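J.:
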Amino acid sequence: MPTVSGKYSLLLSFAVMLVLFDVDGTMLSSHGAGIRAMQRAGRDMYGEHFSTKGVSFAGRIDPHIWRDMAEKNDVADPDADLSRFIEMYHRELMRGFAADDRSLPLPGVKELVARLSETENITLGILTGNFEPTGRLKLEKAGFDLSLFKILVWGVDGETRSHLPLVALEQYRELTGQNLPPEHAIIIGDTPHDVTCALDNGC
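Numbers 5 to 207, taken from the working numbering, label the letters of the sequence shown in order.
(1) Whole angstroms are fine: how far does the CA of VAL23 sit from the CA of PRO111?
(2) Just the C-alpha distance for ALA202 and PRO169, rounded to the nearest angstrom, thanks.
(3) How many Å lie between ALA74 and ALA80 at the Cα?
(4) Looking at the structure shown, is PRO186 part of a helix, part of a strand, or coil, going by DSSP?
(5) Take the Cβ of SER107 as the centre, count every other Cβ of all protein chains shown within 10 Å, and call the residue buried at 16 or more, exposed below.
(6) Going by other Cβ atoms of all chains shown within 10 Å of its Cβ, with 16 needed for buried, is MET34 buried or exposed?
(7) Which residues does DSSP pair with ASP28 in a beta bridge?
(8) Hey, quick one: how far does the alpha helix (DSSP H) through ILE65 stretch, first residue to last?
(9) Determine the closest residue to THR138 out of ARG40, VAL20 and ALA19, with distance taken between C-alpha atoms.
(10) Would you kindly work out how many angstroms separate the C-alpha atoms of THR70 and ILE190, rounded to a whole number?
(11) Closer than 8 Å by C-beta to ILE192: which residues in its own chain qualify, once you throw out the five before and the five after it? Chain order, please.
(12) Does HIS53 pass the burial test, meaning 16 or more other C-beta atoms within 10 Å, or should it be called exposed?
(13) Considering just the uninterrupted stretch of the beta strand (DSSP E) at THR127, what are its terminal residues?
(14) Is it right to say THR123 is buried, meaning 16 or more other beta carbons lie within 10 angstroms of its own, or is it exposed?
(15) Start and end of the alpha helix (DSSP H) containing VAL199?
(16) Identify, in the order they occur along the chain, each residue of the same chain with its Cβ nearer than 7 Å to the Cβ of LEU120, setting aside the five sequence neighbours on each side.
(17) For the putative contact between VAL160 and PRO82, defined by C-beta atoms under 8 Å, what is the C-beta separation to the nearest angstrom?
(18) Roughly how many angstroms separate the alpha carbons of ASP78 and VAL157, rounded to a whole number?
(19) I need the DSSP call for PRO109, collapsed to helix, strand or coil.
(20) Can you look up VAL79 in the DSSP assignment and give me helix, strand or coil?
(21) If you drop the 5 nearest sequence neighbours on each side, which residues of the same chain put their C-beta closer than 8 Å to that of GLU187?
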């Protein structure tokens, strides 16, 4: 089971804390299922020429990934097509999981979530760049209980990833009626983008 050491061990033991988990590469791995589903969705909408080649994915929010794909594939009006793309992407991701694709929890994460969820002073949350429908699907297929996460922040909730912690803190205020200092929020992620969004907000 993962352990927490140093100053965060003390904080998690005594202080009121908000612990926010990234999804892909942190909680689970879907082994490229999302990228493949995005490409299939794009091809359904725009034709077989649609490609995800050259698009950066790791740690980025899905709306930015969509804009890059749209630009590289000469999509005329990405904003107008976004809702339909999300719908098609979700459909293709479901089809992939119904066939050979898998979403698997990374070692120790379920145990860590279970332990933290039983700690009185800790509130758990999700802070991810995923679109909500596809993020939920990945988590559910990996066997995570979303009811344990009281704060849910998705890629469409901010203009950049660094805006997302502010959304999480506002959700916490609405949930508890209390303002939580940013330094009492911990962001758990696997890319430099996760580190940057934490540092940008004093987490």
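All residues carry an ideal CB built from backbone N, CA and C; glycine is no exception. Predicted model, so just to flag it, every value in this text is computed and none were measured.
T.: So, from the data block:
(1) CA-to-CA, the gap between PRO111 and VAL23 works out to about 18 Å.
(2) Straight-line measurement puts the Cα of PRO169 at about 7 Å from the Cα of ALA202.
(3) Each residue's alpha carbon lies about 8 Å from the other.
(4) The DSSP-derived three-state label of PRO186 is helix.
(5) Classification for SER107: buried.
(6) Going by the sequence as given, residue 34 is Ser instead of Met. Buried: at least 16 other Cβ atoms inside 10 Å.
(7) Under DSSP, ASP28 takes part in a beta bridge, and its partners are LEU32.
(8) Counting along the chain, ILE65 falls outside any alpha helix (DSSP H), and DSSP gives it neither H nor E.
(9) It is ARG40.
(10) Correcting the residue identity first, residue 70 is Trp in this sequence and not Thr. So the two alpha carbons sit approximately 28 Å from each other.
(11) Excluding sequence neighbours, ILE192 sits near VAL23, LEU24, PHE25, ASP26, THR30 and ASP198.
(12) HIS53 comes out exposed.
(13) That run of the beta strand (DSSP E) goes 126-131.
(14) Burial call: exposed.
(15) Residues 196-204.
(16) So the qualifying residues of the chain are VAL23, ILE126 and LEU128.
(17) Contact between VAL160 and PRO82 is ruled out by a C-beta separation of about 14 Å, above the 8 Å threshold.
(18) In a straight line, the C-alpha of ASP78 is about 30 Å away from that of VAL157.
(19) PRO109: strand per DSSP, three-state reduction.
(20) Secondary structure of VAL79 (DSSP, three-state): coil.
(21) The residues are GLY206 and CYS207.
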